[in-house]
Amino acid sequence: MTERSSHLNTTNDFYPGIQKHLQDRLDLLKIQQRSPEMEAAVSRLIKLHLEVSSTYLSLSVYFEGSETALNGVGRFFRALAKEKQEGAHLLLKMPKSSGGGTLVQSGQMLSPGKWNTGVDAMEDAMALEKSLNQALLDLHALACASADAQLCEFLERRFLKEEMMLLKKMGDHLANLRKMTSPEAGLQAGLGEYLFKKLSFQGD
Numbered sequence: 001m002t003e004r005s006s007h008l009n010t011t012n013d014f015y016p017g018i019q020k021h022l023q024d025r026l027d028l029l030k031i032q033q034r035s036p037e038m039e040a041a042v043s044r045l046i047k048l049h050l051e052v053s054s055t056y057l058s059l060s061v062y063f064e065g066s067e068t069a070l071n072g073v074g075r076f077f078r079a080l081a082k083e084k085q086e087g088a089h090l091l092l093k094m095p096k097s098s099g100g101g102t103l104v105q106s107g108q109m110l111s112p113g114k115w116n117t118g119v120d121a122m123e124d125a126m127a128l129e130k131s132l133n134q135a136l137l138d139l140h141a142l143a144c145a146s147a148d149a150q151l152c153e154f155l156e157r158r159f160l161k162e163e164m165m166l167l168k169k170m171g172d173h174l175a176n177l178r179k180m181t182s183p184e185a186g187l188q189a190g191l192g193e194y195l196f197k198k199l200s201f202q203g204d
């Protein structure tokens, strides 16, 4: 590969990220100021994003620890923690109503004692994602009821589609993990989770 073609490939790989950022900026400029009810829904959604991000970061640290073989699960949750934090920051850039207050991040997190296995972690993560998805749907319904087409489209493009794909991925991971660690599989829990990591998380 020539130096010029290598530069072109690098540039082409860089463009999608720039285009997504510019599209986000344009969408945010079009979104109208929010009613107090919608302001409360957005604030709740931001808080949920930050709480989920904090929990996923704790999960990543737990599973990347030396006492577990599930480093792949840890990396999966670390990437999700970053995504949720970015989502919160994006929502914070939306136009605020005149009465908008200061957002304070909640420190509530899941107890590390619950995460004895990958099944425990994925079940808790699924519950968090379902709560987040419902909050997104609630805000989307408010936006549609307010005839705010720009906000509806923005939520669909930037959040809801990604949320549905993530829920499906988590569901697949959880089903595989339950299957590999079940008594019928004939594998010890540690070996089953190790094989699950190898088979399920290589592309994440």
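For the sequence shown, the UniProt record's numbering begins at 1 and goes up steadily by one.
Cβ atoms here follow ideal geometry from the backbone N, Cα and C, with glycine treated the same way.
Let me know if residue i comes out buried or exposed under the rule of 16 or more other beta-carbons within 10 Å of its beta-carbon.
i	result
S43	buried
S6	Residue confidence for S6 is low, a pLDDT of 46 falling below 50, so the modelled location carries little weight; the figure read from the coordinates is stated next. Burial call: exposed.
S35	exposed
S60	buried
H140	buried
A149	exposed
G74	buried
M170	buried
A145	exposed
M180	buried
K161	exposed
A81	buried
Q105	For Q105, the pLDDT reaches just 49, beneath the cut-off of 50, and the residue's location in the model is therefore unreliable, although a value from the coordinates is still provided. The residue in question, Q105, is exposed, as its Cβ has fewer than 16 Cβ neighbours within 10 Å.
Under 8 Å by Cβ, that's how I've got residue i and residue j pegged, so tell me the actual separation to the nearest angstrom.
i	j	result
M122	L174	4 Å
L142	E37	6 Å
L136	L45	7 Å
R158	L90	7 Å
Taking the Cβ atom as the reference point for each residue, do residue i and residue j lie within a distance shorter than 9 Å?
i	j	result
T55	D138	no
E163	L132	yes
F76	L57	no
L155	K130	no
Please name the residue in the options whose C-alpha comes closest to that of residue i.
i	options	result
A79	N116, S53, K93, L92	S53
K47	E86, G74, F63	E86
D120	E153, L177, A147	L177
G118	A147, L160, R157, G72	G72
A88	A147, A41, N116, M126	A41
M126	E153, D172, N116	D172
E64	W115, K84, M94	W115
Kindly examine the ligand NAD and report whether one of its heavy atoms sits closer than 8 Å to the Cβ of residue i.
i	result
S54	Looking at this structure, you won't find the ligand NAD or any other ligand, since it has none at all.
Could you tell me whether any Cβ in chain B is nearer than 9 Å to the Cβ of residue i?
i	result
D138	The chain labelled as chain B is not found in the depicted structure, where only one protein chain is given.
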